[in-house]
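First comes the structure, then the notes that go with it.
In this note's numbering, the protein residues as written are 45 to 178.
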């Protein structure tokens, strides 16, 4: 592969942002990979920061899903309790208990999603700089 800016020079790497081949003369280290120019260095740094922020959001998302699961269980309990307190011959009773069961199902999905996200956050605790340079 040849350098994008110097066609007579052999490329030693590829710009992390624009994927152009770059020679030793054009290489700029961004701290998170190599880049061909200052605008590309800025883009590589901003992408690295975005990835870093996204990894930090995993724990927040897992906590949010757990909180949602708890609220759904409470709402389900309320629906089921009100369903059992209504008259035996009321069709509304079946509706309330059914809705309570649906809320329990939603709570189960929220809880399982929180566990999945928590596992993902544990898998992404490695140094983001080492993954960003791949």
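C-beta: ideal position from N, C-alpha, C; glycine also. Note that the structure is a prediction, hence the values are computed from the model and not measured.
Can you list, in chain order, the residues of its chain with a C-beta nearer than 8 angstroms to that of residue i? Leave out the 5 residues immediately preceding and following it.
i	result
residue 123	140, 141, 143, 144 and 147
residue 109	154, 155, 157, 158 and 161
Alpha carbon to alpha carbon, what distance is there between residue j and residue i?
i	j	result
residue 112	residue 160	15 angstroms
residue 156	residue 102	14 angstroms
residue 116	residue 151	5 angstroms
residue 49	residue 70	8 angstroms
residue 167	residue 132	51 angstroms
residue 89	residue 99	16 angstroms
Our contact map puts residue i next to residue j with C-beta atoms below 8 angstroms; I'd like the distance itself, whole angstroms only.
i	j	result
residue 53	residue 67	4 angstroms
residue 79	residue 65	Not confirmed; about 13 angstroms, so no contact.
residue 84	residue 59	5 angstroms
According to DSSP, residue i sits in a beta bridge with which residue or residues?
i	result
residue 73	78
residue 65	58
residue 46	54
Kindly list the residues whose CB is nearer than 7 angstroms to the CB of residue i, restricted to its own chain and excluding five residues on each side of it in sequence; keep chain order.
i	result
residue 127	137, 140, 141 and 144
residue 165	102, 103 and 106
residue 31	Any question about residue 31 goes unanswered here, given that the chain covers just 45 to 178.
residue 57	66, 71 and 78
Take residue i and list the residues in its own chain whose beta-carbon comes closer than 6 angstroms to its own, dropping the five residues that flank it on each side.
i	result
residue 129	none
residue 87	61
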